[in-house]
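**Student:** This is the structure, below, for whatever I ask next.
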Amino acid sequence: MSEDKVIVANRGLVRADFNFWVGRYLDKFYDNLENKKVIGNKCTKCGAVFVPPRKVCGECNVVIPLEENWVDLPDTGTVVNYTITPYRINDRTLRKAKNLLLGMVQIDGSNTSIVYRLLDLEPSEVKIGMKVKIDWAEKPKGDPSDIKGFVKV
Amino acid sequence: MEKVGIVGYYQVKMYSDANYGRYEMIFEAVRGAIDMAGLKKKDISTVISCTNDYYDGRTISNCFTVEVGGGYMADESKVEMDGAHAVLYGLMRILSGNHKLAVIWGGSMPSCFPYHSTRLYETDPTWERQLAYVNDITSAGFQMRSYMEKYGASAEDIAKVAVKNHKNAAKNPLAVAEAQNSNITIEDVLNSDIYADPVTELMVAQPCDGVAALLLAPERQALKITDNPVWITGVGYSQDAYYLGDRNLYESKSMEMAGKIAFESAGIKNPQKEIDVAELFESNAHEELILSEALGFADKGKGATINSDINGELSINPSGGAISGNPPCATGLIRIIEAAKQLRGEAHGYQVNNAKKAVASGQIGMCAQNNIVFVLEGGN
Ligand SMILES: [Zn+2]
Numbered sequence: 308m309s310e311d312k313v314i315v316a317n318r319g320l321v322r323a324d325f326n327f328w329v330g331r332y333l334d335k336f337y338d339n340l341e342n343k344k345v346i347g348n349k350c351t352k353c354g355a356v357f358v359p360p361r362k363v364c365g366e367c368n369v370v371i372p373l374e375e376n377w378v379d380l381p382d383t384g385t386v387v388n389y390t391i392t393p394y395r396i397n398d399r400t401l402r403k404a405k406n407l408l409l410g411m412v413q414i415d416g417s418n419t420s421i422v423y424r425l426l427d428l429e430p431s432e433v434k435i436g437m438k439v440k441i442d443w444a445e446k447p448k449g450d451p452s453d454i455k456g457f458v459k460v
Numbered sequence: 026m027e028k029v030g031i032v033g034y035y036q037v038k039m040y041s042d043a044n045y046g047r048y049e050m051i052f053e054a055v056r057g058a059i060d061m062a063g064l065k066k067k068d069i070s071t072v073i074s075c076t077n078d079y080y081d082g083r084t085i086s087n088c089f090t091v092e093v094g095g096g097y098m099a100d101e102s103k104v105e106m107d108g109a110h111a112v113l114y115g116l117m118r119i120l121s122g123n124h125k126l127a128v129i130w131g132g133s134m135p136s137c138f139p140y141h142s143t144r145l146y147e148t149d150p151t152w153e154r155q156l157a158y159v160n161d162i163t164s165a166g167f168q169m170r171s172y173m174e175k176y177g178a179s180a181e182d183i184a185k186v187a188v189k190n191h192k193n194a195a196k197n198p199l200a201v202a203e204a205q206n207s208n209i210t211i212e213d214v215l216n217s218d219i220y221a222d223p224v225t226e227l228m229v230a231q232p233c234d235g236v237a238a239l240l241l242a243p244e245r246q247a248l249k250i251t252d253n254p255v256w257i258t259g260v261g262y263s264q265d266a267y268y269l270g271d272r273n274l275y276e277s278k279s280m281e282m283a284g285k286i287a288f289e290s291a292g293i294k295n296p297q298k299e300i301d302v303a304e305l306f307e308s309n310a311h312e313e314l315i316l317s318e319a320l321g322f323a324d325k326g327k328g329a330t331i332n333s334d335i336n337g338e339l340s341i342n343p344s345g346g347a348i349s350g351n352p353p354c355a356t357g358l359i360r361i362i363e364a365a366k367q368l369r370g371e372a373h374g375y376q377v378n379n380a381k382k383a384v385a386s387g388q389i390g391m392c393a394q395n396n397i398v399f400v401l402e403g404g405n
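Protein chains in written order, with the numbering used here: chain A, 308 to 460; chain B, 26 to 405.
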């Protein structure tokens with residue numbers, strides 16, 4: 308082992324931005340988010356309601372047809388899990404002063420949960436089972452950021 | 026299953042910043058394993074490497090490791106998961122009947138790349154990756170909270186696992202120096218910085234630099250190479266749904282399934298009684314409990330009641346587990362090597378008495394989405 312570490316950094320030599328086609332199911336989901344509406348889809352076999360919607364239920368291994376089994380859902384839900392972290396994923400060396408409070412929220416009428424920020428809440432106020440509702444972005448764009456987070460009902 | 030034996034191994038000392046070349050490390054590990062078995066480069070008939078293009082900053086990154094990894098003018102293939110998955114691939118190459126000696130090596134050097142950012146590439150680009158709220162740090166917090174809420178486990182129960190693994194790491198000369206602590210207390214663990222609440226820094230298997238290598242041979246060949254082979258008598262492999270929100274994070278259904286397959290193959294009816302040593306890949310302290318329960322070592326939610334100390338009722342992670350050092354792509358492979366050491370009586374300083382049967386596990390994905398487990402037996 309040498310005393311000095313010589314590093315060659317890869318800065319800007321290669322840049323490969325990807326465009327991901329979200330597929331027809333998420334496309335419909337994002338169109339609805341843009342109108343401040345949440346939709347899910349329901350497995351034709353077991354009846355589980357998925358948010359975000361998906362083409363295949365893994366448990367049943369069946370396709371949920373694109374044309375049917377959509378479910379309109381409210382913008383309310385239940386906190387089923389939460390965590391608090393001082394880290395921002397791109398920079399773990401820097402512990403940010405402000406803790407990020409994240410919840411796993413099960414939208415009412417669905418069987419899955421989604422991960423978003425819990426807003427206007429102190430960590431000590433968060434309880435599992437707590438009812439919350441979506442805080443919508445002022446100008447929704449049809450992407451995941453349309454949900455700013457969840458606030459206490 | 027036809028008998029396949031572990032006939033050699035080598036693991037480099039793990040460092041949080043090794044400050045020497047990854048290729049030197051790979052060569053040291055592969056050459057070390059070959060030397061241990063008293064073999065030559067020409068004896069290698071197939072090589073399975075385990076790295077990750079994102080961790081290497083290159084694509085098809087195994088094309089750069091041909092010379093150092095023993096793949097020069099040899100049959101070679103790469104697994105982009107955990108080193109334990111590479112062992113499964115190597116096992117299949119041997120079982121195909123076409124190969125007499127497989128080298129399996131894996132590892133990486135996170136001191137040179139942003140580990141957590143690269144792990145973000147595991148998440149769904151069309152949904153969760155956009156906001157980055159789901160990542161390997163936050164998912165650890167969700168998983169531990171889920172376990173505590175479901176079973177009423179306390180943070181102390183989890184901290185106890187971290188204490189044991191740091192103390193065991195202090196006996197393991199290859200462990201990361203930062204993880205070696207024979208004086209650590211439950212309070213130290215609970216009072217360390219928040220990682221993702223309720224997980225604290227000292228509960229985390231922190232990524233570090235390291236490479237390990239293992240040799241596999243079919244029975245006849247294995248007995249020619251060594252008097253002390255370790256046999257793979259069972260292997261099981263399974264994975265759960267991708268989205269965290271689709272899963273019960275308080276349990277590991279995939280490890281349950283993997284364990285069932287592996288134990289059936291090895292003829293093990295009561296793992297809790299029959300297994301002497303378990304080397305489990307725990308990304309965080311609480312996962313050791315979740316995985317132990319999935320393997321039937323304790324009832325659900327009761328993992329903390331097992332006396333898992335060295336020479337306890339079932340020694341779990343006598344090497345210190347992944348908490349003793351977590352080199353991405355090597356960690357599960359190191360678990361297999363550590364289990365083999367126990368069965369060969371070579372775990373100097375942390376040897377479990379009369380270790381006859383062991384399990385070793387590997388994993389990938391957020392909250393151990395994907396698990397693989399091997400049953401190993403010593404003696405010939
Ligand atoms: Zn279904």
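Note that beta-carbon positions come from the ideal geometry of N, C-alpha and C, so glycine has one too.
(1) Apart from the five residues on each side of it in sequence, which residues of its chain come closer than 6 angstroms, Cβ to Cβ, to His311 of chain B?
(2) How big is the Cα-Cα spacing for Ser217 of chain B and Leu373 of chain A?
(3) How many Å lie between Asn351 of chain B and Leu305 of chain B at the Cα?
(4) Using only the alpha-carbon positions, how far apart do Ser164 of chain B and Phe457 of chain A sit?
(5) So His80 of chain B and Asp234 of chain B are supposed to be a Cβ contact under 8 angstroms. How far apart are they, rounded?
(6) Buried or exposed for Glu27 of chain B, please, with buried defined as at least 16 other CB atoms from any protein chain shown within 10 angstroms of its CB.
(7) Measuring straight from C-alpha to C-alpha, what distance separates Gly132 of chain B and Ala111 of chain B?
(8) Mind pulling the chain D residues with CB within less than 9 angstroms of Asn273 of chain B?
(9) When you compare only the Cα positions, how much space is there between Ile396 of chain A and Ser452 of chain A?
(10) Do Cys75 of chain B and Cys392 of chain B have their C-beta atoms within less than 7 angstroms of each other?
(11) Beta-carbon of Leu314 of chain B versus every beta-carbon of chain A: anything under 7 angstroms?
(12) Please state whether DSSP places Gln155 of chain B in a helix, a strand or coil.
(13) Val159 of chain B CB to nearest chain A CB: under 7 angstroms?
(14) Between the alpha carbons of Val460 of chain A and Val439 of chain A, how many angstroms are there, rounded?
(15) In terms of alpha-carbon separation, which member of B:Gly82, B:Tyr35, B:Gly284, B:Leu239 lies closest to Val315 of chain A?
(16) Along the chain, which unbroken stretches of the alpha helix (DSSP H) at least 4 residues long are found entirely within the stretch 410-449 of chain A?
(17) Grab the span of the beta strand (DSSP E) containing Gln168 of chain B for me, first residue to last.
(18) Using DSSP with H/G/I as helix, E/B as strand and the rest coil, what is Cys364 of chain A?
(19) Please classify Ala323 of chain A as buried or exposed, where buried requires at least 16 neighbouring CB atoms within 10 angstroms.
(20) Taking only beta carbons into account, state which residues of the stretch 218-236 of chain B come closer than 9 angstroms to chain A, listed in chain order.
(21) Tell me whether Ala355 of chain A counts as near ligand 1, meaning its Cβ is closer than 6 angstroms to at least one heavy atom of that ligand.
(22) Can you list the residues of chain B that Ile396 of chain A reaches, using a CB-CB cut of under 8 angstroms?
(23) Just the C-alpha distance for Cys350 of chain A and Gly365 of chain A, rounded to the nearest angstrom, thanks.
(24) Of the choices B:Arg245, B:Val201, B:Ala237, whose alpha-carbon is the least far from that of Trp130 of chain B?
(25) In chain A, which residues lie with their C-beta within 7 angstroms of the C-beta of Ala266 of chain B?
(26) Any beta-carbon of chain B closer than 7 angstroms to the one on Lys312 of chain A?
(27) What first and last residue would you give for the alpha helix (DSSP H) that runs through Tyr79 of chain B?
(28) Taking Cβ positions only, does Val29 of chain B come closer than 7 angstroms to chain A?
(29) Does the separation of the CB atoms of Phe336 of chain A and Pro360 of chain A fall below 7 angstroms?
(30) Which residues does DSSP list as the beta-bridge partners of Thr383 of chain A?
(31) With a threshold of 16 other CB atoms inside 10 Å of the CB of Thr210 of chain B, please say whether the residue is buried or exposed.
(32) Of all the options A:Ile454, A:Ile435, A:Ala444, which has the alpha carbon lying nearest to the alpha carbon of Lys175 of chain B?
(33) One question on the structure: do Ala438 of chain B and Glu289 of chain B come within less than 7 angstroms of each other, judged by their Cβ atoms?
(34) Does the stretch 422-433 of chain A come into contact with the stretch 186-202 of chain B, if we say contact requires no fewer than three beta-carbon pairs (one atom in each stretch) closer than 8 angstroms?
(35) Check Asp60 of chain B in the structure and name its three-state DSSP category.
(36) Residues of chain B with CB closer than 7 angstroms to the CB of Asn317 of chain A, please, in chain order.
**Tutor:** To lay it out plainly:
(1) Met169, Tyr172, Ile183
(2) 49 angstroms
(3) 12 angstroms
(4) 18 angstroms
(5) The question names His, but residue 80 of chain B in the sequence shown is Tyr. About 11 angstroms separates the two Cβ atoms, so there is no contact after all.
(6) exposed
(7) 11 angstroms
(8) Protein chains A and B are contained in the structure displayed, whereas chain D is not.
(9) Each residue's alpha carbon lies about 17 angstroms from the other.
(10) no
(11) no
(12) Under the three-state reduction of DSSP output, Gln155 of chain B falls in the helix class.
(13) yes
(14) 5 angstroms
(15) B:Gly82
(16) Taking 4 residues as the shortest admissible run, the stretch 410-449 of chain A contains no complete alpha helix (DSSP H) segment at all.
(17) Where Gln168 of chain B is concerned, there is no enclosing beta strand (DSSP E), although the alpha helix (DSSP H) it sits in stretches over 161-176.
(18) Reduced to three states, the DSSP call for Cys364 of chain A is strand.
(19) exposed
(20) Shown in chain order are the members of the stretch 218-236 of chain B whose Cβ falls below 9 angstroms from a Cβ of chain A: Asp218, Ile219, Tyr220, Ala221, Asp222, Pro223, Val224.
(21) Because some heavy atom of ligand 1 lies under 6 angstroms away, the Cβ of Ala355 of chain A counts as near it: yes.
(22) His141, Ser142, Leu145, Ala157, Asn160, Ile162
(23) 10 angstroms
(24) The candidate whose alpha carbon is nearest that of Trp130 of chain B is B:Ala237.
(25) Gly365
(26) yes
(27) 78-81
(28) Not closer than 7 angstroms to any Cβ of chain A, the Cβ of Val29 of chain B fails to qualify, so no.
(29) yes
(30) A:Lys440
(31) exposed
(32) The alpha carbon of Lys175 of chain B has as its nearest neighbour, out of A:Ile454, A:Ile435, A:Ala444, the alpha carbon of A:Ile435.
(33) Here chain B covers residues 26 to 405 and nothing more, so residue 438 of chain B does not appear.
(34) Per the Cβ contact rule, the stretch 422-433 of chain A is not in contact with the stretch 186-202 of chain B (fewer than 3 Cβ pairs under 8 angstroms).
(35) Asp60 of chain B: helix per DSSP, three-state reduction.
(36) Gly82
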